[in-house]
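Protein sequence lines correspond, in order, to chains A and B. Each residue of the first sequence is one higher than the one before, starting from 17 at the first, in my numbering. Each residue of the second sequence is one higher than the one before, starting from 407 at the first, in my numbering. Each residue gets a CB set at the ideal place from its N, CA and C atoms; glycine is no exception. Keep in mind it's a predicted model, so treat the numbers as computed, not measured. See below for the structure under consideration.
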Amino acid sequence: DGGITQSPKYLFRKEGQNVTLSCEQNLNHDAMYWYRQDPGQGLRLIYYSQIVNDFQKGDIAEGYSVSREKKESFPLTVTSAQKNPTAFYLCASTGYNSPLHFGNGTRLTVT
Amino acid sequence: SQKIEQNSEALNIQEGKTATLTCNYTNYSPAYLQWYRQDPGRGPVFLLLIRENEKEKRKERLKVTFDTTLKQSLFHITASQPADSATYLCAPISNFGNEKLTFGTGTRLTIIP
Chain A
17 DGGITQSPKY LFRKEGQNVT LSCEQNLNHD AMYWYRQDPG QGLRLIYYSQ IVNDFQKGDI
77 AEGYSVSREK KESFPLTVTS AQKNPTAFYL CASTGYNSPL HFGNGTRLTV T
Chain B
407 SQKIEQNSEA LNIQEGKTAT LTCNYTNYSP AYLQWYRQDP GRGPVFLLLI RENEKEKRKE
467 RLKVTFDTTL KQSLFHITAS QPADSATYLC APISNFGNEK LTFGTGTRLT IIP
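This is the structure in structure tokens:
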């Protein structure tokens, strides 16, 4: 079955540490996206990538970094520069004329 | 800048009635409008897509309309059931896989038995 996998489901970190969230897809999609969702809020776009080795900032990229070395993978690093990193992070992918497929998210808690 | 607004944060509807959710967008001319459903703690799931040249699209108890003049899409759930309770998100788009894709703020729908 094709799909998009985010791991881990829950992640806990101390303030000041960088942390990397994993996102892998086997849908052969070219484009991948990272969103952040805070309680009771909508999705806000962090970064997106339309093709391997290329990515663009979304609306709230500050304090985050990404890489796209392989088509299947789009990891997100939450750096210590991110002021309020505690949130629910969602990864998604899409191909030509295809709606977004989402993973089930990673809930990051930084204390 | 582009703005996508959904009518209300929360909507309570009596079971069996029709729920109507609104999505308005500005500074944008999308070719498609998508609707997604999100359950708590899960990723959104695609429900329906409507093209700019389509007035209406149906799927079982769901109906979507798209008015490019008003820059608005309406999402209807007829004969609503408690299992329809979720957050619903809209997302206008012009080119799949080739653009920044942003979502509306979402409407949390609760169907009251």
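When secondary structure is reduced to three states using DSSP, Asp46 (chain A) falls in the coil class, being assigned neither helix nor strand.
Neighbours of Gln440 (chain B) across chain A, judged by C-beta separation under 7 Å: Pro115. With the rule of 3 Cβ pairs closer than 8 Å, the segment 436-443 of chain B counts as touching the segment 451-459 of chain B.
Looking from the CA of Lys506 (chain B), the closest CA among A:Gly32, A:Trp50 and A:Ile20 belongs to A:Trp50. The Cβ atoms of Leu495 (chain B) and Ile419 (chain B) lie no closer than 8 Å to each other. For Tyr49 (chain A), the closest Cβ of chain B is nearer than 8 Å. Cβ proximity to chain A below 8 Å picks out Gln440, Tyr442, Gly447, Arg448, Gly449, Pro450, Val451, Phe452 and Leu455 from the segment 424-456 of chain B. Neighbourhood of Leu495 (chain B) in chain A, by CB distance below 8 Å: Gly58 and Leu59, in chain order. Of all residues in the segment 463-489 of chain B, none comes within less than 7 Å of chain A when Cβ atoms are compared.
By the criterion of a C-beta distance shorter than 6 Å, Glu411 (chain B) is surrounded in its chain by Asn430, once the five residues flanking it on both sides are discounted.
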